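Here's the structure we're looking at; comments come further down.
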């Protein structure tokens with residue numbers, strides 16, 4: 103789950119250790135995009151916050167006005183290649199690829215229409231479970247408005263946020279075999295999206311596009327060092343997908359991106375209530 107969130111890089115001194123699978127990349131020249139360790143740290147801090155952002159995964163309205171839905175989202179966490187995992191002047195690899203998916207229960211509800219407009223809200227929550235040696239809690243939410251037209255075309259806007267916290271030993275010891283300490287990571291995202299969709303009897307293709315802001319904090323338990331994010335992400339995020347309504351089955355699938363950081367697929371399956 104979000105355990106992988108925090109196999110983030112240690113920015114304080116640590117003993118070097120190269121994953122054998124990454125030995126060739128570590129010995130080669132850095133790729134053209136490589137800048138320095140700070141750039142690597144910023145990328146990882148932003149990447150794992152963006153991986154948990156609360157994207158739409160629904161059409162202009164998540165439900166028929168006056169109804170709701172409950173379900174589970176599964177978001178793919180793309181595996182990072184060796185060059186993205188190499189830190190400390192490319193002398194050490196971090197174990198970031200711990201889990202391929204983020205499962206998140208979701209609840210949505212759409213209020214009765216007020217004239218042509220309907221207002222909706224949603225909540226996502228991952229309880230503080232310990233998996234893969236990390237303890238994570240994630241809470242997400244959204245609020246939006248939609249204007250569905252009789253032609254099937256619809257448009258609207260939504261606000262979304264996510265806050266996550268992870269406690270785990272994620273920064274390796276200073277010395278091989280040394281004592282391990284619990285580290286702390288927190289990340290948050292919030293943003294605004296514009297929505298456009300076209301609803302048929304069973305399927306609603308949709309497009310969501312807007313801007314998302316990222317904030318992060320990473321505290322290393324070995325020495326109290328704080329990993330600073332010098333370039334927190336603030337930029338475009340968007341998704342294109344389709345929502346399916348069939349009897350009481352409600353679900354959606356989408357492609358989601360934060361260009362330069364994240365390109366992934368997300369799926370939601372639920373029931374109408």
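Residue numbers (the working numbering): 103 to 375. Backbone N, C-alpha and C fix where the C-beta goes; we use that ideal spot for every residue, glycine too. Model, not experiment: these values are computed from the prediction.
Between the alpha carbons of residue i and residue j, how many angstroms are there, rounded?
{"i": "residue 247", "j": "residue 155", "result": "19 Å"}
{"i": "residue 199", "j": "residue 220", "result": "41 Å"}
{"i": "residue 107", "j": "residue 258", "result": "Here residue 107 scores only 43 on pLDDT, less than 50, and its place in the model is too uncertain to base an answer on."}
{"i": "residue 253", "j": "residue 306", "result": "12 Å"}
{"i": "residue 177", "j": "residue 355", "result": "10 Å"}
{"i": "residue 216", "j": "residue 175", "result": "29 Å"}
{"i": "residue 136", "j": "residue 121", "result": "19 Å"}
{"i": "residue 375", "j": "residue 207", "result": "15 Å"}
{"i": "residue 296", "j": "residue 260", "result": "7 Å"}
{"i": "residue 203", "j": "residue 153", "result": "10 Å"}
{"i": "residue 213", "j": "residue 195", "result": "49 Å"}
{"i": "residue 211", "j": "residue 162", "result": "13 Å"}
{"i": "residue 205", "j": "residue 140", "result": "30 Å"}
{"i": "residue 165", "j": "residue 190", "result": "49 Å"}
{"i": "residue 188", "j": "residue 131", "result": "12 Å"}
{"i": "residue 125", "j": "residue 360", "result": "29 Å"}
{"i": "residue 123", "j": "residue 362", "result": "24 Å"}
{"i": "residue 335", "j": "residue 159", "result": "22 Å"}
{"i": "residue 111", "j": "residue 169", "result": "Confidence in residue 111 is poor, its pLDDT being 36 and thus under 50, which makes the residue's placement too unreliable to answer from."}
{"i": "residue 142", "j": "residue 329", "result": "11 Å"}
{"i": "residue 386", "j": "residue 167", "result": "This structure cannot speak to residue 386, because the chain is shown only from 103 to 375."}
Under 7 Å Cβ to Cβ from residue i, same chain only, skipping five residues before and after it: list those, please.
{"i": "residue 144", "result": "331, 332 and 333"}
{"i": "residue 182", "result": "198 and 199"}
{"i": "residue 371", "result": "173, 174 and 353"}
{"i": "residue 304", "result": "346, 347 and 348"}
{"i": "residue 270", "result": "108, 235, 236, 237, 284 and 285"}
Between residue i and the rest of its own chain, which residues show a CB-CB distance below 6 Å, the 5 nearest in sequence each way excluded?
{"i": "residue 241", "result": "227 and 265"}
{"i": "residue 185", "result": "127 and 133"}
{"i": "residue 239", "result": "230 and 267"}
{"i": "residue 358", "result": "157, 341, 366 and 368"}
{"i": "residue 151", "result": "289, 291, 316 and 318"}
{"i": "residue 225", "result": "209 and 243"}
{"i": "residue 299", "result": "161, 162, 256, 306 and 308"}
{"i": "residue 245", "result": "223 and 261"}
Determine which residues share a DSSP beta bridge with residue i and list them.
{"i": "residue 256", "result": "250 and 299"}
{"i": "residue 344", "result": "307 and 355"}
{"i": "residue 370", "result": "175 and 354"}
{"i": "residue 239", "result": "267"}
{"i": "residue 232", "result": "237"}
{"i": "residue 290", "result": "265 and 317"}
{"i": "residue 339", "result": "312"}
{"i": "residue 210", "result": "171 and 224"}
{"i": "residue 329", "result": "320"}
{"i": "residue 285", "result": "270"}
{"i": "residue 195", "result": "188"}
{"i": "residue 364", "result": "360"}
{"i": "residue 244", "result": "224 and 262"}
Who are the Cβ neighbours of residue i in its own chain at under 8 Å, not counting the five residues just before and after it?
{"i": "residue 378", "result": "With the chain covering 103 to 375 only, the question about residue 378 has no answer from this structure."}
{"i": "residue 364", "result": "149, 152, 153, 180 and 358"}
Looking at residue j and residue i, is the spacing between their C-beta atoms short of 8 Å?
{"i": "residue 263", "j": "residue 147", "result": "no"}
{"i": "residue 288", "j": "residue 318", "result": "yes"}
{"i": "residue 301", "j": "residue 218", "result": "no"}
{"i": "residue 415", "j": "residue 293", "result": "As shown, the chain starts at 103 and ends at 375. That puts residue 415 outside it, with no answer to give."}
Problem - the segment 305 to 319 contacting the segment 336 to 348, beta-carbon criterion three pairs below 8 Å - result: Remark: three or more beta-carbon pairs, one from each stretch, lie closer than 8 Å, so the segment 305 to 319 and the segment 336 to 348 are flagged as touching.
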